[in-house]
Amino acid sequence: MHLVIFDLETTGFSPRLHEIIQIAAVRLRHGAVLPAERFATFVRPQSAVPAHITEITGISNRDVRLAPEPASCLAAFSRFVGDATLVAHNGRRFDIPFLRESSNRHGLRLREVSFFDSMELSRRLWAREPSHSLDAVTDRLGLSTENLRRHDARGDVQLLASAVVSMWQRLGAAPDLCPVPLEVGHLPA
DNA sequence: GCTAGGCAGGAACCCCTCCTCCCCT
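Set out below in C-alpha cells:
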C-alpha cells in the first residue's frame with residue numbers, strides 16, 4: 009500500500025481561525041519508509057506566529073517570513089501525495105479539516121483523497137488504554153525520540169512513520185491491506 | 001496551569017440535544 013504520513017504545525021487549534029505554518033511528510037510503500045521521499049516546507053501565514061506557538065514548536069516568524077504562500081505549499085503537497093493514502097495522528101479531527109479549510113480559504117479547487125487516522129491503529133491495538141496520544145503510543149512502542157525535534161513537523165512525522173510501521177506489524181496486517189477503514193479527505197486538485 | 005475549536009461518543013431518550021472527553025498546535 010502506498011501511504012503518505014504527514015503532520016502540520018499551525019498557529020492554533022481551529023482550522024477556521026488559525027493557519028498552517030509547516031507541512032512535513034514521508035512516503036511509505038509496502039510497509040517501509042522511503043528515505044529519499046520526503047516533503048517539508050514552512051508556510052507563510054498572513055498573521056504573525058503567536059509566541060506560545062513558537063514556544064511549543066520552535067517555529068518563529070523568522071522561519072516563515074520568506075516561506076512560500078499557503079496556496080503553493082498546499083498544491084506542492086498535493087502533488088507529492090499523488091494517489092497515496094494520507095495518514096496523520098488525530099488527522100480526522102485536526103490535520104484533514106485543516107487541509108480542507110486552508111485550501112478553501114485560498115480558493116483552491118479540491119479533490120478527494122483517502123486517509124486514515126493513525127489513532128485508530130492504537131485503539132485497535134490497545135483498546136483499554138486511556139490515552140492514544142502520539143506520546144502515549146511512542147512510549148508503548150518503546151520508540152526513541154532522541155535526535156528528533158518533537159513538535160517540529162519533520163521530527164513528528166518521522167516518529168509517526170515509525171509508529172505506524174510498528175503498529176501495522178503488531179496488528180498482523182499484510183503490508184498491502186489497511187487494518188482500519190479508510191475515510192475521505194480533501195487536497196487541492 | 002489556564003486558554004483557544006471541533007469532533008466523537010455517551011447519556012438520556014425515541015430523536016434530538018446536551019455534555020464531556022480526547023487530541024491536535
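Position one of the first sequence corresponds to residue 9 (the working numbering), numbered consecutively onward.
From the three backbone atoms N, C-alpha and C, an ideal C-beta is built for every residue, glycine too.
As the structure is a computational prediction, the values presented were derived from the model and not from experiment.
- Taking all protein chains in view, the Cβ of Arg52 is crowded by 16 or more other Cβ atoms within 10 Å, so the residue is classified as buried.
- Pairing Phe124 with Glu27 gives a Cβ-Cβ distance that is not under 8 Å.
- Shortest Cα-Cα distance from Pro23 to any of Arg108, Gly193, Cys81 involves Arg108.
- Here Arg73 is exposed. Its C-beta has fewer than 16 other C-beta atoms within 10 Å.
- Of the other Cβ atoms in all chains shown, fewer than 16 fall within 10 Å of the Cβ of Ala135; this residue is therefore exposed.
- Looking at the DSSP output, Gly193 bridges to Val121.
- Bridge pairing for His10: Arg37 [DSSP].
- Ile31 and Cys81 do touch by the CB rule: their CB atoms are close to 6 Å apart, below 8 Å.
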